[in-house]
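In the working numbering, the protein residues as written are 1 to 83.
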Amino acid sequence: MSKGFRNADSTQDMSEKATADQINAILERDRLQAAEAEERRAHGGYGICETCGKPIGEERMAALPTATRCMRCQSEWEQANRP
Ligand SMILES: [Zn+2]
1 MSKGFRNADS TQDMSEKATA DQINAILERD RLQAAEAEER RAHGGYGICE TCGKPIGEER
61 MAALPTATRC MRCQSEWEQA NRP
């Protein structure tokens, strides 16, 4: 019984580490994306999807000022770049 508990603990340790790594990867990705958005704002093209070239949309830009892609392209990009 106690062995079973130990196994459960070590499994949880592993999943917590994996989660921390994933969070770091996501934070790094967000940081790069924010820097990219800042650059685009300085050079124009802010609020335009970098993938399809269409407006990202006021609502999305208000919710996520660092967005560089429209909702559709972002979700496709996230599926391709999942940590
Ligand atoms: Zn797009």
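All residues carry an ideal CB built from backbone N, CA and C; glycine is no exception.
Burial state of residue i (16 or more Cβ within 10 Å)
i          : result
residue 82 : exposed
residue 41 : exposed
residue 18 : exposed
residue 56 : buried
Top-ranked residue by Cα proximity to residue i, from the options
i          : options           : result
residue 34 : 79, 77, 65 and 23 : 65
residue 52 : 77, 16, 25 and 23 : 77
DSSP bridge partner residues for residue i (one or two, in chain order)
i          : result
residue 55 : 48
Distance cut-off 7 angstroms: residue i Cβ against heavy atoms of ligand 1
i          : result
residue 51 : yes
residue 40 : no
residue 17 : no
residue 72 : yes
residue 60 : no
residue 69 : yes
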